[in-house]
Amino acid sequence: MYKTPPRNDAFCALHSALSFAFYVVVLAVTMLVLHPAYLAISLCSAAAYLAALDTPRGLLRRLRWVLPLMVITVFFNAMFSHRGMTVLFYLRNGNAVTLESIVFGLLASVMLAATVLWFASLHIVLTSEKLMAVTGRLAPALSLLLSMALRFVPRISRQIKRTAQAQRALYPPAGLSDRLRFGVRVLSVTVSVALENAVVTADSMRSRGYGLPGRTAFRRERWGARERGFAALFVPLAAVVLAGLLAGRAAANFYPSLDFAAPDALGAASRAAFTLLCNLPLLLNRKEALTWRRLRSNI
Amino acid sequence: MPERTDGRGRTLFSAALSCVLIPALLLLGSLVWDNRRYYLVSLLVIVLSLLPMLLRFERRKPQARELVVLAVLTALGVAGRAAFEFAPAFKPVAAIVIVAGAAFGCEAGFLVGAATAFLSNFFFGQGPWTPWQMFGFGLVGFLAGLLFSRRFAPKRLALCAFGGLVVFALYGPLLDTATVLMVSADITREAILAALATGVAFNAVHAGATVVFLALAGEPLLRKLDRVKVKYGLLEP
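These protein sequence lines map, in sequence, to chains A and B. Take any residue in the first sequence, note its place counting from 1, add 110, and you have its number in this note's numbering. Take any residue in the second sequence, note its place counting from 1, add 559, and you have its number in this note's numbering.
Okay, here's the thing in structure tokens:
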């Protein structure tokens, strides 16, 4: 269930701290800003990167359940939020449907969709090793708990299949109540096996020195030219985006009437920076692909 | 097994932290943001109420055995949710979280609930609802630990009644309210009532599933966990 990162994705191979910082900034801006320009940039970039990481079909599979969610959000806002000046029409119970509430619903739904898509690519990029490398120092116990649980999921699923096979051969279930008892038996056997294994694992961890100071991560982190280059782009871009946000260039007011901050020089710079920032992974991949082509044609 | 003598002090500390920070945040929301950023404030409140429990766990440096057992229970929850992917509301997660809380106490119940919600959302879709689900399932596990983690074994009927009630009347409404906070800038009573009314059927199925799973597998699972607890001296509540 846990995907291994694609081998030809340069962003996946980057230092974990950089990937982590990238997602923190992008997700924070996406979830805190309700300005149409920023949300559109975020959604498009999230979709583009996810399509590149996974397949376009993987993107469509996720959109299949995100789209109904978006529709419900817009509908809900139109039905239950009656503030706003521009009345489009009146419902049968006398409540007004306003342009403002529909626009708010649209933007909220774009925000939801962008968040979901960014998290989907985060799940592919930040493998449990990378997550351990980043959060291992901040919260060692919790991140170990999470990454062990992730590792146990496929193991337990396999164990359930094995147990079910054996139990079916030993006591073929007949009838509904028998089948229920069969299910419970399989579950309870699996739990016993998993727990016994868990304790053995724990004892092995202890005898290898779990909890001693001077802990290292499995992933070997490298801070090389590529990392320096990425950081040299990422940090100034993030600063420009942040400057734009703090100066109110992403302000969005919906009630009583729509009022979005128009782009002046700083606003435009902040938006351009955000576009570049969101697409840094794709740009990095593009650059790597070009380098590879050049190297190959030089042979 | 190390003694956990200062557990009470830490509980009080984290409770005090939540009691001070959350009202402060609500005040900030109503004064500075003019009560318009419901979504942001509510999200921060939920994160703040998750943090004390997580920090508490981190600070007491849990043993490897504890960690691994909690990871197994979490993985069971995640695998259980994935196994019933075809049935939207019919999920065993709440039942597993309740069993974890009943067997290993409040903190374990909370952690298994929160971690299951967090991890399973990587397969089901992560979003602004994740903290709410983490808090919701964490609360379910915490309450189960509070009610059942005494020396005597909980009765099947009590376990089922608790499971059904807590899912139908606590977890479901919490998540329905969260939906309104997430999608709307204008929180009205009728919007919340409509969301709750829409959720009744879903919550009823979810509660029914929890009761069924607890009735069938609650006692066998608790017996297994108790056996491991006695055999290896694990996680005394």
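Glycine included, every Cβ here is placed at the ideal spot set by N, Cα and C. As the structure is a computational prediction, the values presented were derived from the model and not from experiment.
- prompt: Over what stretch of residues does the beta strand (DSSP E) that includes Ala206 of chain A continue unbroken?
  reply: Position 96 of the first sequence, counted from the start, is the residue given in the question as residue 206 of chain A. Its beta strand (DSSP E) spans residues Ala206 to Thr208.
task: Pull up the distance between the alpha-carbon of Asn389 of chain A and that of Leu356 of chain A, whole angstroms please.
output: The residue labelled residue 389 of chain A in the question sits at position 279 within the first sequence. The residue labelled residue 356 of chain A in the question sits at position 246 within the first sequence. In a straight line, the C-alpha of Asn389 of chain A is about 22 Å away from that of Leu356 of chain A.
message: According to DSSP, is Phe649 of chain B part of a helix, a strand, or is it coil?
response: In the second sequence, counting from the first residue as 1, residue 649 of chain B sits at position 90. Phe649 of chain B: coil per DSSP, three-state reduction.
field: As assigned by DSSP and simplified to three states, the class of Tyr133 of chain A
entry: Within the first sequence, the letter at position 23 stands for residue 133 of chain A. Helix at Tyr133 of chain A.
message: Beta carbons nearer than 8 Å to chain B: which residues of the segment 123-150 of chain A have them?
response: Met141 and Leu142
query: Can you list the residues of chain B that Leu316 of chain A reaches, using a CB-CB cut of under 9 Å?
result: Stepping through the first sequence from its first residue, residue 316 of chain A is reached at position 206. Per the sequence shown, residue 316 of chain A should be read as Arg rather than Leu. Ordered by position in chain B, the residues that pass the 9 Å Cβ test against Arg316 of chain A are Gln622, Ala623 and Arg624.
task: State whether the segment 129-142 of chain A contacts the segment 222-239 of chain A, with contact taken as three or more CB pairs (one from each stretch) at a distance under 8 Å.
output: yes
task: Would you mind stating whether Ala416 of chain A and Asn187 of chain A have Cβ atoms separated by less than 8 Å?
output: As shown, chain A starts at 111 and ends at 409. That puts residue 416 of chain A outside it, with no answer to give.
- request: Kindly indicate if chain A contains any beta-carbon less than 8 Å away from that of Ser743 of chain B.
  value: Against the second sequence, residue 743 of chain B aligns to sequence position 184. Chain A contact via Cβ: present.
task: Consult DSSP for Asn363 of chain A and reduce its assignment to one of helix, strand or coil.
output: For the purposes of this step, residue 363 of chain A is taken as residue 253 along the first sequence, with counting starting at 1. DSSP places Asn363 of chain A in strand when its eight states are reduced to three.
- prompt: Three or more C-beta pairs closer than 8 Å, one from the segment 175-194 of chain A and one from the segment 318-330 of chain A: is that the case here?
  reply: The way I'd put it, the segment 175-194 of chain A doesn't touch the segment 318-330 of chain A; fewer than three beta-carbon pairs between them come closer than 8 Å.
Span separating the alpha-carbon of Phe244 of chain A from that of Tyr597 of chain B: One-based indexing of the first sequence puts residue 244 of chain A at position 134. One-based indexing of the second sequence puts residue 597 of chain B at position 38. The amino acid occupying residue 244 of chain A in the given sequence is Val; Phe does not appear at that position. Each residue's Cα considered, the two are about 31 Å apart.
- prompt: When you check each C-beta in the segment 183-201 of chain A against every C-beta of chain E, which residues fall closer than 7 Å?
  reply: This model lacks chain E altogether, as its protein chains are A and B.
- request: Check each candidate in B:Leu607, B:Ala756, B:Ala661 and B:Ala646 and name the one with the smallest Cα separation from Leu705 of chain B.
  value: Position 146 of the second sequence holds residue 705 of chain B. For Leu705 of chain B, the nearest C-alpha among the options comes from B:Ala661.
Touch test, the segment 180-197 of chain A against the segment 132-144 of chain A, Cβ-Cβ under 8 Å, three pairs minimum: no
query: Should Arg406 of chain A go down as buried or exposed, given a rule of 16 or more other Cβ atoms within 10 Å for buried?
result: Sequence index remark: in the first sequence, residue 406 of chain A carries index 296 (1-based). Under this definition Arg406 of chain A is an exposed residue.
- request: Determine which residues share a DSSP beta bridge with Phe185 of chain A and list them.
  value: The count along the first sequence starts at 1 and reaches residue 185 of chain A at position 75. DSSP output for Phe185 of chain A lists no bridge partner at all.
- request: To the nearest angstrom, report how far apart Phe663 of chain B and Thr736 of chain B are at their CA atoms.
  value: Against the second sequence, residue 663 of chain B aligns to sequence position 104. Against the second sequence, residue 736 of chain B aligns to sequence position 177. Going by the C-alpha atoms only, they are around 30 Å apart.
query: Are the Cβ atoms of Leu124 of chain A and Phe340 of chain A separated by less than 8 Å?
result: As a first step, residue 124 of chain A must be located in the first sequence, where it is residue number 14. As a first step, residue 340 of chain A must be located in the first sequence, where it is residue number 230. For Leu124 of chain A and Phe340 of chain A, yes; Cβs fall inside 8 Å.
message: Quick check: what's the CA-CA separation for Leu393 of chain A versus Ala348 of chain A?
response: Reading the first sequence from its first residue, position 283 is the one you call residue 393 of chain A. Reading the first sequence from its first residue, position 238 is the one you call residue 348 of chain A. Each residue's alpha carbon lies about 16 Å from the other.
- request: With a 10 Å radius around its C-beta and 16 neighbouring C-beta atoms as the bar for buried, classify Glu749 of chain B as buried or exposed.
  value: The residue you call residue 749 of chain B lines up with position 190 of the second sequence. It counts as exposed.
query: What is the rounded straight-line gap between the Cα of Glu306 of chain A and the Cα of Val787 of chain B?
result: As a working mapping, residue 306 of chain A is identified with position 196 in the first sequence. As a working mapping, residue 787 of chain B is identified with position 228 in the second sequence. Cα to Cα, Glu306 of chain A sits roughly 8 Å from Val787 of chain B.
field: Whole-angstrom distance between Val606 of chain B and Thr225 of chain A, CA atom to CA atom
entry: Stepping through the first sequence from its first residue, residue 225 of chain A is reached at position 115. Stepping through the second sequence from its first residue, residue 606 of chain B is reached at position 47. Roughly 17 Å separates the two Cα atoms.
query: How would you label Ala768 of chain B, buried or exposed, when you count the other beta carbons within 10 angstroms and need 16 or more for buried?
result: Your numbering for residue 768 of chain B matches position 209 in the second sequence. Label assigned to Ala768 of chain B: buried.
message: For Leu609 of chain B and Leu698 of chain B, I'd like the C-alpha separation in whole angstroms.
response: Counting from one through the second sequence, the residue named residue 609 of chain B turns up at place 50. Counting from one through the second sequence, the residue named residue 698 of chain B turns up at place 139. If you take the alpha carbons of Leu609 of chain B and Leu698 of chain B, they lie about 10 Å apart.
message: Counting only C-beta atoms, is Met258 of chain A closer than 8 Å to chain B at any point?
response: Walking along the first sequence from the start, residue 258 of chain A turns up at place 148. Chain B, which has a Cβ nearer than 8 Å to the Cβ of Met258 of chain A, makes this yes.
Chain B contact for Tyr281 of chain A (CB, 8 Å cutoff): As a first step, residue 281 of chain A must be located in the first sequence, where it is residue number 171. Chain B, which has no Cβ nearer than 8 Å to the Cβ of Tyr281 of chain A, makes this no.
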